[in-house]
Each structure stands twice: as structure tokens, then as C-alpha cells.
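In case it helps, this note's numbering puts the first sequence at residues 6 to 483. Heads up, the beta-carbon is just placed ideally off N, CA and C, and yes, glycines get one too. Treat the numbers as computed from the prediction; the structure is a model and nothing was measured.
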Amino acid sequence: MTVRVRFAPSPTGNLHIGTLRAALFNWLFAKAKKGTFVLRIEDTDRERSKPEFETNIYDGLKWLGFTPDEGPLEGGDFGPYRQSERIEQGVYHDIADRLIKEGKAYYCFLTDEDIQREKESAIKKGIPYVHSRKSSEMSESEIKNCLSEGKPYAIRFKMTEDKIITFKDSVRQTIEFDCSLISDFVLMKSDGTPSYNFAVVVDDALMAITHVIRGEDHISNMPRQLSLYEALGYKVPEFAHLPMILGPDKSKLSKRHGATAVTEYRDQGFLKESFMNYLALLGWSPKDEQELLSEDELVSQFDLDRVHKSGAVFDIKKLVWMNGQYIRQISDSQFSTLLRSYLSEDYQQKLSLLTEEKQHLALFSVRDNLDVLSDINTYIDVFLETESDYDSKSKDIVLNDDQRTVLSSFLSLSKECKSSEEFMGCLNSICESLSLGKGKVFKPVRLAVTARQSGPFIGDVLAFFGVDRLRERIQRCL
RNA sequence: GGCCCUAUCGUCUAGGGGUUAGGACACCAGGUUUUCAUCCUGGCAGCCGGGGUUCGAAUCCCCGUAGGGCUACCA
Numbered sequence: 006m007t008v009r010v011r012f013a014p015s016p017t018g019n020l021h022i023g024t025l026r027a028a029l030f031n032w033l034f035a036k037a038k039k040g041t042f043v044l045r046i047e048d049t050d051r052e053r054s055k056p057e058f059e060t061n062i063y064d065g066l067k068w069l070g071f072t073p074d075e076g077p078l079e080g081g082d083f084g085p086y087r088q089s090e091r092i093e094q095g096v097y098h099d100i101a102d103r104l105i106k107e108g109k110a111y112y113c114f115l116t117d118e119d120i121q122r123e124k125e126s127a128i129k130k131g132i133p134y135v136h137s138r139k140s141s142e143m144s145e146s147e148i149k150n151c152l153s154e155g156k157p158y159a160i161r162f163k164m165t166e167d168k169i170i171t172f173k174d175s176v177r178q179t180i181e182f183d184c185s186l187i188s189d190f191v192l193m194k195s196d197g198t199p200s201y202n203f204a205v206v207v208d209d210a211l212m213a214i215t216h217v218i219r220g221e222d223h224i225s226n227m228p229r230q231l232s233l234y235e236a237l238g239y240k241v242p243e244f245a246h247l248p249m250i251l252g253p254d255k256s257k258l259s260k261r262h263g264a265t266a267v268t269e270y271r272d273q274g275f276l277k278e279s280f281m282n283y284l285a286l287l288g289w290s291p292k293d294e295q296e297l298l299s300e301d302e303l304v305s306q307f308d309l310d311r312v313h314k315s316g317a318v319f320d321i322k323k324l325v326w327m328n329g330q331y332i333r334q335i336s337d338s339q340f341s342t343l344l345r346s347y348l349s350e351d352y353q354q355k356l357s358l359l360t361e362e363k364q365h366l367a368l369f370s371v372r373d374n375l376d377v378l379s380d381i382n383t384y385i386d387v388f389l390e391t392e393s394d395y396d397s398k399s400k401d402i403v404l405n406d407d408q409r410t411v412l413s414s415f416l417s418l419s420k421e422c423k424s425s426e427e428f429m430g431c432l433n434s435i436c437e438s439l440s441l442g443k444g445k446v447f448k449p450v451r452l453a454v455t456a457r458q459s460g461p462f463i464g465d466v467l468a469f470f471g472v473d474r475l476r477e478r479i480q481r482c483l
């Protein structure tokens, strides 16, 4: 049987790290098993679901290349793939009706206040709250009356009592629940939309999902969902519950931690390679100790049996390190194209005025300095600022005698220099002839030439400006 | 409160009866072009606690403790 997995986000917010990691694991599993990766939009929350969030989810998936095999935009044989559209088709309504007829569900006319009162009295008595099931005892004529009066109602599922329900999780071991502790839960809300627990079971079954891979926060829903599978006579899929991704305070990663949309990481200049690689290592580990893994390596090595059980703190520092690794690893042309796209419009404009050679020099001189690609805008300033910008900074430069000596000897020795290598040769020979350490020579040159203490590789900087412009700047400092 | 899950360096993790408990990030020191970096080398640092089982426990079991999740007509 071919594997069918699904990624089922709700468009009630931008795509977040935790959600994306679930997508990644589903996608990796589908690729590894040559299965089908289904995208289902769970937009049953009419209040909070927004089209722009669905777009953001698509943007995030697209960035990493997780193209759904079936989904709202892709289509497929098990559609529609938006729950809102499935509601319109009456999918859930029909099934809920069937459960009522079979006596497995009932109309519930209790108001929020009624339920609140039940809860409070349970707390007072110190016993766990379980829904009272009052409405299920109504006679048929009572029900008809309420219905014809137009009284708002929900449809509740009658939980099996006095039963221990068990399932085997692919990540953990056997987990069991005592059903007598679980309330009759809502199948259809009073607004006619299905609840999460109902919709998820119906859709996973109807979409022939074979493996449900999702966050650990769904474990507590298992007794409800498993009871539904049983009541509906559906085949139960395999379940794998992924550990949570945590913030620095070890609670579930959320906006509180500044957990921004996945697209913001893209916009800052994290590479999709490093983002995917890092995320894969959050909750899963390969057999050997290699940590830098390509997409293909990830796919070929991924398996559910190496998924971890405990939560993992999202460590931006390691992501940054990994991003640097990939920035230095990708091809020159890839680097150049990608990096240019992160340049501000102003810098793009200024850069385009330069020769190819100078553009290349400016872009590649900072490759080792970059953590994220958008950093280019702070580094490249030294190459693109106007002469008057430079002047305003350089006028405060104060040089000592040694530094003046270095600069004058640079002036006389660098006349023939053109390339980065030639300039470095020149600087090194100054070190020797003046018996000075490299820092004593490099520093004043950089200072005089750029009016900065640090910056891109000095050889490239000198080659970029060329002898004439260097001479001009240095003489103004002396 | 009830139910469920989890527990190896600060962080991500390997290891699952006998290991000098391994790697990575971060941090510190040294070396590369005494710039910021990159890169290389070295260092610091860990099995939550208590009981059992066993010749032997970080590893298996139980109990604590801690953290997390769920307890919605959110998903």
C-alpha cells in the first residue's frame, strides 16, 4: 500500500517554525517512502481563518520546496482539500447525522452557561469534570420541539464509558487512556461547522491517509479520535507524534518568543538548505555524526524510528552557524544571484553602475563575514558610499607617527598594484621592511582608506578602490 | 486539580547493562593575514534525585521531582 501523509495547518496565523517542522517530517517521510504528500487546509474556525494566512503557508512551503502532491491548488482525487469547501458539500453533516441515527451522537441544547455551571460544581466537589450528557436523555418529542423552536444546538459524540483505549505511537510506546474521564465532545458546532476532532478523523479516513505525523500536543486528543474511528468503522492509520519545539524558556515555541513567520527567516537571508537541515535536526537525528546534510541525504536517511521523544529548544545561534556553512558552500553563481536579491533597491542601483569586476569584488569580499544574506547591506556600504560620506567619517581620524610611516610607504610601494593578491603582497612587504606586525600595518591602511576599524577582506577592498582613489584618500588623512 | 508525554554538557544530540559517556553549537585559549570574520588546533562542561533488579545501571523497573502538553461549540 502506498504511503499517504498529510500536512494539515489551520490558516489562523502565519506559518510558524513548529508547523513547518511538521510539514518537513511529513514531506521527508513521503519522499523516503515514495508516497503522497497531501496538503489540507483546516479552516473550520470561521472567526480566525484568513486567506492571507493560507497564502503565507503556501509561501513558506514553496520556499523550502515542499510541493504538495495533492492540495487546494494542486487538486487531487480526494478533494476538496479545504475543510470549508467540504462543509459546503455536507461531508461532515451527513456523517454526524448518521451517528445520531445510530445512537452514537446526540443533539445538545446546553448553553455555555449551563456547561460552565456543571464545571464549577465539579470543581467544588473536587471531582474531574465530565460532560453531564443531559441532552442525550431528552425524548424524541422534546428534541423535535427544541429543533422546531430554532434553539441553537451542537451535536455531541457519546463517549464510550468504562473503557481503556490504547494505541501504539511510532515514536513512543503504547499509550492508554481511561475513557470514563473524557467528556462527550462536540462533533458539530452550533454554527454548523465541524469541530477539529471530528473533521480531522473524517478527512484523514476519507483521504485515505496512512500515517498521521503531527505534534505531540495532539496526543491528548487520541481517545476522542480513536473512539470516532471505531464508531465510524474507519481503518485506523499509524500515528507518530513529534516532540514540541520549545522557546528558550522551554515552553512551546510561540509568538511570545518572537517566533516569527517562517517567511521572515527567508527574508532575513537564511538559506533554505540550512533552514531545512537545521529543522530536521530538531527532533530527529541521523545514524552517524554528520550534521550538514543535503536534501537528498535527509530524504534517504530519514525514518520515524529515529525521531526523538523529548522537546527541543530552538537555538537560533546554531541556525546562524549552519547558515554560514551553506553560504560558503553554495556555488559562486548561486551565491551571487541570491545575494543580489537581498540588496536594498538603493544599493542595487548603485552597484549596477560599477564594472562587473568591481561588483564581483564587492559581493565576494564579504562572503566569509555573512551570517544571513541581508547582512550584505551593512557590509557593502563601504564600497557604495559617496565620497562625501567618506569625508564626514574620515575627518576625525587621528594617526600616530608609526601609522603615518606605514601609509607613506604604502603610497610609494603600491603604485603598480591592481589585484587583491598584489595589494596583499605589498602590505606584507611593508610588514617586513618596517618590522611591524600585520595588524600594525593593515589597521591604519583600512582606517585611512575606509574610515572604519573593520570590514571586508582588506585585499579586496584595496583592489576595489584602485591606486588612484586610494592615493587621494590617504593623502587627505596624512 | 485531573489526564497524558518527557528527562545525557548552557543548547541540539549519540550511546540503551561493562564506553576514558562520543559529536555539534555557544563559550574560552592558541594558531593561520595580531582587522571584524572564515579556517585549524586545544580546552571547559553532562547521564534530575531516591530506591530496586543485577557480579555490574546513564542504560531495565518503581517512586519522587522537574518541565511540557491537553483539559473549548481553537486547531
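Spatial distance of residue i from residue j (CA atoms)
i	j	result
Asp308	Ser256	26 Å
Arg103	Lys36	37 Å
Phe369	Phe388	12 Å
Lys139	Ser146	15 Å
Glu166	Asn202	18 Å
Lys277	Gly220	22 Å
Thr360	Leu475	18 Å
Leu375	Arg11	36 Å
Ser195	Lys39	41 Å
Gly197	Lys156	13 Å
Leu467	Leu432	10 Å
Leu66	Thr72	7 Å
Lys240	Val206	10 Å
Asp396	Arg478	9 Å
Gly70	Leu483	55 Å
Ser137	Asp222	26 Å
Cutoff 8 Å; reference residue i; Cβ partners in own chain excluding five residues on either side
i	result
Gly81	Val43, Asp74, Glu75
Ala101	Ala110, Ile160, Leu192, Met193, Pro199, Phe203
Leu343	Leu276, Ile335, Leu378
Thr41	Thr7, Val8, Arg9, Val10, Ala35, Asp74, Glu75
His443	For clarity, residue 443 is Lys in the given sequence; the question names His instead. Answer for Lys443: Leu432, Asn433, Cys436, listed in chain order.
Residues that residue i bridges to, as DSSP identifies them
i	result
Phe182	Ile170
His216	Val10, Glu243
Thr41	Arg9
Lys257	Leu251
Val318	Leu251
Tyr111	Arg161
Met193	Ile160, Pro199
Ile46	Arg87
Trp289	Val312
Gly76	Gly80
Sequence-distant residues of its chain with Cβ nearer than 7 Å to residue i (five each side left out)
i	result
Lys398	Ala456
Glu235	none
Leu186	Pro133, Val135
Ala213	Arg9, Phe83
Ile62	Pro14, Pro16, Leu20
Lys400	none
Proximity winner among the options, relative to residue i (alpha-carbon distances)
i	options	result
Gln178	His136, Ile250, Ala245, His216	Ala245
Thr7	Pro461, His216, Leu412	His216
Met193	Asp50, Leu324, Phe58, Leu29	Asp50
Gly274	Val466, Arg311, Val377	Val377
Glu243	Asp254, Gly252, Met227, Leu237	Met227
Leu20	Leu33, Val10, Glu57, Gln295	Glu57
Ser338	Gln364, Ser349, Tyr352	Gln364
Asp99	Leu237, Arg229, Cys436, Lys168	Leu237
Glu154	Ser188, Gly131, Phe114, Ser175	Phe114
Leu33	Glu47, Met429, Asp301, Ser175	Asp301
Phe280	Asp48, Trp68, Gly263, Gln295	Trp68
Gln480	Ser290, Met327, Thr410	Thr410
Contact under 7 Å by Cβ, residue i with residue j
i	j	result
Met164	Cys184	yes
Gln408	Pro449	yes
Ala317	Ile250	yes
Val472	Ser419	yes
Leu231	Ile170	yes
Leu298	Asn282	yes
Ala13	Arg45	yes
Tyr331	Ile385	no
Ile463	Arg451	yes
Leu416	Leu29	no
Arg311	Trp289	yes
Ser315	Pro248	yes
Asp465	Leu366	yes
Same chain, Cβ closer than 6 Å to residue i, neighbours up to 5 away in sequence not counted
i	result
Ser4	The shown model of the chain, from 6 to 483, leaves out residue 4, and the question about it has no answer.
Gln306	Pro291
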